[in-house]
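Residue numbers (the working numbering), protein chains in the order written: chain W, 4 to 442; chain G, -12 to 341.
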């Protein structure tokens, strides 16, 4: 350890290094100059004996110095002593790592949140670097399951560095940050999908696998939609906790506002609350939210309605009616579309009818949304509107095909007239030539 | 009796007898290739169709980016027989180019450009150029996606011409990009400049045909070629050809109405497989095959220069084809003509399918 206090100009501790290339040659003065120049330039920046010594060490001791170049804190002008304490201005290890003078060394896991919060909860400090940066992370963290477990002495519970990394912390919007939206599910899964790590807790470890089969993952990972929901969207980030039964519809409703409003007014709201069921997830699942299809609704096998409703009850009849009405609209729109396609294949211009058909398809979407009112009358209103549009489109397609047939009859008549005229001209030409004796 | 009296009345004032006597004496050579003579007349017939349908379209068409597409849509969906007029105009434009090309090649293979018909050939070539320009300028007018991007590609090709390319492109576009300014000037070219030039040149072309009569094919030994009277024999047959063209045109227009497509949106990226009209496809596809750099030269520029030289050589055939001028057979030239047709057909097909 005493070697650490040796001046850096004397070289790192350990065996004496081999001389540089060019040693004892005529190049020596130039090489010396080349090596001295950067040293002179470096001499302009404040001394950091932490980096100087740790860079010369091996393995884990050196790792922080290798990582720290990429850290957002370094870019902001912070350095080791801002988190770990100590005095980097001296090479004297006794002085620089003097615990009596505030040196902390490796931060205890239980102290990490508070240590980060020292700056991140202080608006006066944080706003010097980033005026828009929020400062409630620590307060939120303290409401999280992670913080509560940590406080109870569970050192496996996540702290700041488990999600944000340490010594190479990046901004969340940096694509290489572990909390970037595209990487966040994998970061959470590092612990939550690890059965060994999660042993002893009462929660499953298949959330990540299920999430990767969901429509939300498809939007995030396959379409690259950074606004698509991932773990933190529903559970919170710093205040990560499972949403309670009563909160589920609010969580989903953050994005699916219309659905939440319809559900809140529906007869299911009270029934689910009374039964302690968590709103949306009862039908759509939580982590494995699949693309919803009409098969979810109705009284046939595969429909979620029959999980609760039985033949003869009011909800059973309503489920069957809503499904059949929406199917009726979908079939009508398909038929109208096929009619327009036939007209288009015949070269008919039906772009206006196509626009109307798009309106009809919007009614179909609206009817599917209205399903969340669980009121057949509400669904009927959208279906009826859509059917009216679909029938008008169908009639437009029929008119186009009728117009096509009219054109073809007109063409046939014209061709016959032209053929007769040509025959007459040919006969006239032959007659003239016969009279004049031409071949 | 009544018809005779009307004839006499007009004849006394307009001198119809002189025209009648002239037509009685005008003769057309009769030989195995007489059929090809009709394509000049068919081109003329289609031009007249273009003028008539073009005037009808003008009643509703509006040449601004905000209204062009909608006005054509209005014509084909709301105006009585508007679909037919627009479809005939579009199909007729294409058939006119085809008929003009057939006419040009028939003149080439029959060596009808021989002295003293050099000026007839030149005026015909200029008419073909104007016909292609009609097609190019008219293609943009519906302001749909395909037309917009094809015009972009076309004007970019014009921009690759050395020295004057930049000016030509800016002149055609009315700026640096294809915009409403391009549409306005293409409309001006299409309905005013080109019809005016074409009418003048067409009159010169017909006057030259009239002056020198129809060319007789080369005949060894100076044997006389049999003839038929222009009127009524040739006129009756020409009318049959016109009716035939009308039947083809009507069938195409009624069975395959010309598509309108989607309105042009300058802010979207060019759709895949964008290509110009079929009569530019062979050149377009060839230019695509040429490497971007040949030695230190730009490949596209070299390609355009090459095609420019070929067009100039083709145009000047009457001056350098001395053997045909001396009534000798020129098998090499005939072979070159066949090769050019094969090239145009094959490369147009490749350009369409690839």
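Beta carbons are placed, not taken as given, at the ideal position from N, Cα and C, and that holds for glycine.
These figures come from a predicted structure and were not determined experimentally.
Check: Does the CB of residue 374 of chain G have a neighbour CB from chain W at under 9 Å?; Outcome: Here chain G covers residues -12 to 341 and nothing more, so residue 374 of chain G does not appear.
Check: Using Cβ-Cβ distances below 8 Å, what residues of the region 223 to 239 of chain G are close to chain W?; Outcome: 223, 224, 226, 227, 230, 231, 233, 234, 237 and 238
Check: For residue 334 of chain G and residue 270 of chain G, I'd like the C-alpha separation in whole angstroms.; Outcome: 8 Å
Check: Verify the CB distance criterion: does residue 362 of chain W have a CB-CB separation below 9 Å to chain G?; Outcome: no
Check: Between G:226, G:319, G:341 and G:257, which lies nearest to residue 431 of chain W when the distance is taken from Cα to Cα?; Outcome: G:226
Check: Of all Cβ atoms in chain W, is any one closer than 9 Å to the Cβ of residue 66 of chain G?; Outcome: no
Check: Going along the chain, which residues of the region 247 to 259 of chain G sit with their C-beta nearer than 9 Å to a C-beta in chain W?; Outcome: 247 and 249
Check: What are the boundary residues of the beta strand (DSSP E) that includes residue 16 of chain G?; Outcome: 14 to 16
Check: Fully enclosed by the region -3 to 71 of chain G, which beta strand (DSSP E) runs are 3 residues long or longer?; Outcome: 14 to 16
Check: Could you name the residues of chain W that residue 219 of chain G contacts, counting a contact when the two beta carbons are closer than 9 Å?; Outcome: 431, 432 and 435
Check: DSSP three-state call for residue 215 of chain G: helix, strand or coil?; Outcome: strand
Check: Would you say residue 63 of chain G faces chain W, with C-beta separation under 9 Å as the test?; Outcome: yes
Check: I'd like the list of long-range same chain contacts for residue 239 of chain G, defined as Cβ closer than 6 Å, with 5 residues on each side in sequence excluded.; Outcome: 78
Check: Whole angstroms are fine: how far does the CA of residue 228 of chain G sit from the CA of residue -8 of chain G?; Outcome: 32 Å
Check: Are the Cβ atoms of residue 170 of chain G and residue 223 of chain G separated by less than 9 Å?; Outcome: no
Check: Relative to chain G, which residues along the region 387 to 415 of chain W have a C-beta separation below 8 Å, given in chain order?; Outcome: 410, 411, 413 and 414
Check: How is residue 14 of chain W classed by DSSP in three states: helix, strand or coil?; Outcome: Here residue 14 of chain W scores only 32 on pLDDT, less than 50, and its place in the model should not be relied on; the value that follows carries that caveat. DSSP places residue 14 of chain W in coil when its eight states are reduced to three.
Check: Tell me whether residue 409 of chain W is buried or exposed, calling it buried when 16 or more other Cβ atoms sit within 10 Å of its Cβ.; Outcome: exposed
Check: Suppose you measure from the CA of residue 21 of chain G to the CA of residue 178 of chain G; what does that come to, to the nearest Å?; Outcome: 34 Å
Check: Run through the region 115 to 194 of chain G for me and flag every whole alpha helix (DSSP H) of 4 or more residues, listed as ranges in chain order.; Outcome: 132 to 146, 152 to 160 and 167 to 175
Check: Looking only at DSSP bridge pairs, what is residue 285 of chain G linked to?; Outcome: G:280
Check: Assign residue 338 of chain G to one of two classes, buried (16 or more other C-beta atoms within 10 Å of its C-beta) or exposed (fewer than that).; Outcome: buried
Check: Note down, in chain order, each residue of its chain lying with its Cβ closer than 7 Å to the Cβ of residue 271 of chain W, except the 5 sequence neighbours on either side.; Outcome: 377
Check: Name the chain W residues that come within less than 8 Å of residue 60 of chain G, Cβ to Cβ?; Outcome: 352 and 354
Check: Report the partner residues of residue 250 of chain G according to the DSSP bridge assignment.; Outcome: G:131
Check: Taking buried to mean at least 16 other C-beta atoms within 10 Å of its own C-beta, is residue 426 of chain W buried or exposed?; Outcome: exposed
Check: Taking the C-alpha atoms as reference points, what is the distance between residue 232 of chain G and residue 242 of chain G?; Outcome: 15 Å
Check: At 4 residues or longer, what runs of the alpha helix (DSSP H) sit wholly inside the region 218 to 306 of chain W?; Outcome: 234 to 238, 251 to 256, 260 to 268, 270 to 278 and 284 to 287
Check: Count the other C-beta atoms from every protein chain shown that fall within 10 angstroms of the C-beta of residue 158 of chain W, then say buried if there are 16 or more, exposed otherwise.; Outcome: exposed
Check: Ignore the nearest five residues each way along the sequence and tell me which others in residue 113 of chain G's own chain have a CB closer than 7 Å to its CB.; Outcome: 188
Check: Roughly how many angstroms separate the alpha carbons of residue 175 of chain G and residue 73 of chain G, rounded to a whole number?; Outcome: 19 Å
Check: Following the continuous alpha helix (DSSP H) through residue 95 of chain W, name the residue where it begins and the one where it ends.; Outcome: First-last for residue 95 of chain W: undefined, no H or E at that position.
Check: I think residue 471 of chain W touches residue 351 of chain W, with their Cβ atoms under 8 Å apart; what is that distance to the nearest whole Å?; Outcome: There is simply no residue 471 of chain W to check, as chain W begins at 4 and stops at 442 in what is shown.
Check: Grouping DSSP H, G and I as helix and E and B as strand, with all else coil, what is residue 300 of chain G?; Outcome: helix
Check: Could you say which of W:312, W:362, W:205 and W:152 lies nearest to residue 274 of chain W if we only look at CA atoms?; Outcome: W:312
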